[in-house]
Amino acid sequence: MVADFIPPSAKKFMDTTFETIRFGKVHEIAASFAYGRENLVPVMFSRLLRNSQITSKEAPLFHYYLQRHAQLDGEQHGPMAEKLVNSLTDGDPIKEKETRLAAEKSIESRIRFWDEVLLAMPRKQ
16 MVADFIPPSA KKFMDTTFET IRFGKVHEIA ASFAYGRENL VPVMFSRLLR
66 NSQITSKEAP LFHYYLQRHA QLDGEQHGPM AEKLVNSLTD GDPIKEKETR
116 LAAEKSIESR IRFWDEVLLA MPRKQ
């Protein structure tokens, strides 16, 4: 990604994602998606809603999007993604280790991204 308007934190996060897509094995890609997104987003978005100072009256579509996304990922997408990972590893200890490492890399990338977003946000005084 080379577009100048993309914030560096977003670029790094997307680069990591596309690197996994380009060079990862199928079970690594599935693990990155399952554990770095589908199983993580419900917790992340629920906390964001709970801790946000933006009310549903101020931003109803934003609240709906976060609630719906958390619900779908938590109830459907997350369990389906985990099932996919399990079917791709099929008890193979090498593949299971590779999926764990891919998931960790994806989660660490997301943490770095959100840490950088937080640092870039203006602070109330």
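Residues in the sequence shown are numbered from 16 upward in steps of one, following the working numbering. Backbone N, C-alpha and C fix where the C-beta goes; we use that ideal spot for every residue, glycine too.
- Selection His84, Leu103, Lys98 and Pro137 evaluated against leucine 55 yields His84 as nearest (Cα-Cα).
- For the pair histidine 42 and glutamine 91, the Cα-to-Cα distance works out to about 19 Å.
- Exposure of glutamate 73 is indicated by the presence of fewer than 16 other C-beta atoms within 10 angstroms of its C-beta.
- In the DSSP assignment, arginine 37 falls within the unbroken alpha helix (DSSP H) covering 23-38.
- Here proline 57 has Ala85, Asp88 and Gly89 as same chain residues with Cβ atoms under 6 Å from its own Cβ, once five neighbours each way along the sequence are excluded.
- The three-state reading of DSSP puts methionine 59 in helix, counting H, G and I together.
- For the options Lys112, Leu134 and Gly93, the alpha carbon positioned closest to that of alanine 49 is the one of Gly93.
- Serine 124 and serine 71 have their C-alpha atoms some 29 Å from each other.
- The DSSP-derived three-state label of methionine 136 is coil.
- Around phenylalanine 28, the same chain offers Ser124 and Phe128 as residues with beta carbons nearer than 6 Å, after the five sequence neighbours per side are excluded.
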